[in-house]
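Participant:
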Amino acid sequence: MPSISTRAGDVSYSNRGSGPPIILLHATLHTSHDFDSIIPQLSLRHQVIAVDWPWHGASSHPKDLHPTAPLFADVLEDIVNSLNLPPAVFIGNSVGGFASARLAITHPEKVKGLVLVNSGGFVPWTFFLRTLTRPLGIPWVNKLITPSMVWKYMLPQNDVDKAISEEVSALAKTAEGSKIAASIWASFLSPEHDLRSQAKDVKAPTLVVWGKNDPVNPLNVGVATQKSIEGSRLEVLDTGHVVFASKPDEFLEIVVPFIDECFGKNRA
1 MPSISTRAGD
11 VSYSNRGSGP
21 PIILLHATLH
31 TSHDFDSIIP
41 QLSLRHQVIA
51 VDWPWHGASS
61 HPKDLHPTAP
71 LFADVLEDIV
81 NSLNLPPAVF
91 IGNSVGGFAS
101 ARLAITHPEK
111 VKGLVLVNSG
121 GFVPWTFFLR
131 TLTRPLGIPW
141 VNKLITPSMV
151 WKYMLPQNDV
161 DKAISEEVSA
171 LAKTAEGSKI
181 AASIWASFLS
191 PEHDLRSQAK
201 DVKAPTLVVW
211 GKNDPVNPLN
221 VGVATQKSIE
231 GSRLEVLDTG
241 HVVFASKPDE
251 FLEIVVPFID
261 ECFGKNRA
């Protein structure tokens, strides 16, 4: 895999196809391979770039930094600047959705469209939700909870998302994996992770796709996300957190026409 130098070390990515660009951004403890089921079709008419976040997959694991959602958003800025692409459609899952949305706010000229999949950044942080989230920012607590929580939020429906669940759960059981996950979870409670007051600045066409059975990012968060972003549309599928791995065909049926609209194309 090629790599890009960023403020959080070298970031690896895959690059398939040609045409208007699509950038794929995965969730915490996951990798770019989450998108393997949808890349072949997307790359028929597009350049498809699937990124491994720092501390994930084939990317570097810097020792002098801690992974956070805002840092990943910074890294995404480095990626798009280094690749020097025309405006792209970003498909972001979870923390990947947060990074995509923040880029649309800070660098709207880089973003042709957003597909936010069970995304962070627009969560109404009630006292109850903060109380539930805060322990997951502690590595030893995260190590106890996350390995089993992965199966609950994934709700695997096929061999692909079962394999994803196994891989992520195994990583979450390790000291390194629990530290990565805890650091990112702790960052969700930071003011920098709350984009609601800036949602009015998201001008790119936005499609919110939600797996309605996700207990980590439940459907009410998807509704709040859609309501926060003016002109956005919400589509709900019968899946867990990683919609495109669980129901790739249904996901593509919704997303491909949206991508075509963003790039001003008519489907053949």
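Quick note on numbering: the numbering used here labels position 53 of the sequence shown as 53, and the sequence is numbered without any gaps. Don't be surprised by glycine CBs; every beta carbon is placed ideally from N, CA and C.
(1) Taking contact to mean at least 3 C-beta pairs separated by less than 8 angstroms, is the region 27-42 in contact with the region 10-17?
(2) Tell me, please, which residues DSSP counts as bridged to Leu24.
(3) If you scan the region 198-263 from start to end, which runs of the alpha helix (DSSP H) of 4 or more residues do you find wholly inside it?
(4) Report the partner residues of Asn299 according to the DSSP bridge assignment.
(5) Would Ser197 be called buried (16 or more neighbouring beta carbons within 10 Å of its own) or exposed?
(6) Any heavy atom of the ligand NAD closer than 6 angstroms to the beta-carbon of Pro86?
(7) Quick check on the burial criterion: 16 or more other C-beta atoms within 10 angstroms. Buried or exposed for Lys110?
(8) Rank Val115, Ala69 and Ala175 by C-alpha distance to the C-alpha of Ile138 and give the top, closest one.
(9) Just how far apart, CA to CA, sit Cys262 and Gly96?
(10) Quick one: give me the first and last residue of the beta strand (DSSP E) that Ser5 is part of.
(11) Does DSSP put Leu116 in a helix, a strand or coil?
(12) Leaving out five residues on either side along the sequence, give the residues of the same chain with a beta carbon under 8 angstroms from the beta carbon of Leu272.
(13) Pro273 and Pro2 look like a contact to me (Cβ under 8 angstroms); what is the Cβ gap, rounded to whole Å?
(14) Look at the alpha carbon of Asp201 and the alpha carbon of Ala104, and state the distance between them as a whole number of angstroms.
(15) Would the beta-carbon of Val271 fall within 7 angstroms of that of Ile229?
(16) Would the beta-carbon of Leu252 fall within 7 angstroms of that of Ile79?
(17) Give every residue of the same chain whose Cβ lies closer than 7 angstroms to the Cβ of His46, excluding the five residues on either side of it in the sequence, and list them in chain order.
(18) Over what stretch of residues does the alpha helix (DSSP H) that includes Glu167 continue unbroken?
(19) Counting pairs of Cβ atoms below 8 angstroms between the region 164-181 and the region 139-148, do you hit three or more?
(20) Could you have a look at Asp34 and say whether DSSP puts it in helix, strand or coil?
(21) Cα separation between Ala268 and Pro257?
(22) Where do the N-terminal and C-terminal ends of the alpha helix (DSSP H) with Thr126 fall, by residue?
(23) Note down, in chain order, each residue of its chain lying with its Cβ closer than 7 angstroms to the Cβ of Pro215, except the 5 sequence neighbours on either side.
(24) Exposed or buried, what is His26 when buried is set at 16 or more other beta-carbons lying within 10 Å of its beta-carbon?
Facilitator: Concretely, from the data shown:
(1) yes
(2) Ala50 and Ile91
(3) 219-228, 243-246 and 248-262
(4) This structure does not reach residue 299, given that the chain is present from 1 up to 268, and the question cannot be answered.
(5) exposed
(6) Absence of the ligand NAD is noted for the structure shown, with no ligands found whatsoever.
(7) buried
(8) Ala175
(9) 19 angstroms
(10) Ser3 to Thr6
(11) strand
(12) Only positions 1 to 268 of the chain appear in this structure, which leaves residue 272 out of reach.
(13) This structure gives no information on residue 273, because the portion of the chain shown stretches from 1 to 268.
(14) 8 angstroms
(15) Nothing about residue 271 can be read from this structure; the chain reaches only from 1 to 268.
(16) no
(17) Gly17, Gly19, Pro20, Pro21 and Ile22
(18) Asp159 to Ala172
(19) yes
(20) helix
(21) Here Ala268 scores only 39 on pLDDT, less than 50, and its place in the model should not be relied on; the value that follows carries that caveat. Taking the straight line from one Cα to the other gives about 11 angstroms.
(22) Element bounds for Thr126: n/a, residue is neither H nor E.
(23) Lys152 and Tyr153
(24) buried
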